[in-house]
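Below you'll find the structure, written out as structure tokens, and then a few comments.
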Amino acid sequence: MPYKRFTVGIRDVNFGENVKVIEPCNLYECSIGSNSFIGPFVEVQKGVVIGNDCKIQSHSFICELVIIGNNCFIGHGVMFVNDLFTEGKPAGNSNLWKSTNLGNNISVGSNATILPVTICDDVVIGAGAVVTKDILKPGIYAGNPAKFLRSIDK
Numbered sequence: 351m352p353y354k355r356f357t358v359g360i361r362d363v364n365f366g367e368n369v370k371v372i373e374p375c376n377l378y379e380c381s382i383g384s385n386s387f388i389g390p391f392v393e394v395q396k397g398v399v400i401g402n403d404c405k406i407q408s409h410s411f412i413c414e415l416v417i418i419g420n421n422c423f424i425g426h427g428v429m430f431v432n433d434l435f436t437e438g439k440p441a442g443n444s445n446l447w448k449s450t451n452l453g454n455n456i457s458v459g460s461n462a463t464i465l466p467v468t469i470c471d472d473v474v475i476g477a478g479a480v481v482t483k484d485i486l487k488p489g490i491y492a493g494n495p496a497k498f499l500r501s502i503d504k
């Protein structure tokens, strides 16, 4: 065999109640809270924690060291990053990776990229945004790099 085959699948996942998963997807050694939804072609890596009542849309990638709070929406094709290539190349040592923490009630628009940051509760990230710094004030953020646009009207 000229190549090594790896299968896509679901293994060693701690599921809450009433979780819906649309396959194919790759979920392993992670935790997904109750009443959450995982769309097709999603990868959730080991150690990731996804809270209750979350919706992860198709083609999203959630790498190690990511924690997502409750009632969050992750749009199509959202990419989380834990390696900042500080040595000019991918870190061969996972000790160089950084964590990402999302609070509760966060919506991330399609094709956004989330670098290792902390995002407080009640934030909307626009489609295609690149979040490079911590977000500590609720509101709507968009652009590359993502910037505060306005407060959320309630």
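If you read the sequence shown in our numbering, its first letter stands for residue 351, the second for the next number, and so on. Here a beta-carbon is modelled for each residue, glycine too, at the ideal position from N, C-alpha and C.
Item, Value
"Assigned secondary structure, L465 (DSSP; H/G/I helix, E/B strand, else coil)", "coil"
"Any non-hydrogen atom of the ligand SAH within 7 angstroms of L486 CB", "For the ligand SAH, the structure offers nothing, since it holds no ligand at all."
"Span of the beta strand (DSSP E) around T450", "T450 to L452"
"Residue of F498, L415, W447 and F430 minimising C-alpha distance to E437", "W447"
"Expected contact under 8 angstroms - CB spacing of V399 and S381 to nearest Å", "5 angstroms"
"Sheet register partners of I485 (DSSP bridge)", "I469"
"Cβ-Cβ separation, I406 to V392 (assumed contact under 8 angstroms), whole Å", "6 angstroms"
"For L434, the three-state DSSP class (helix, strand or coil)", "coil"
"DSSP state of L415 mapped onto helix, strand, coil", "coil"
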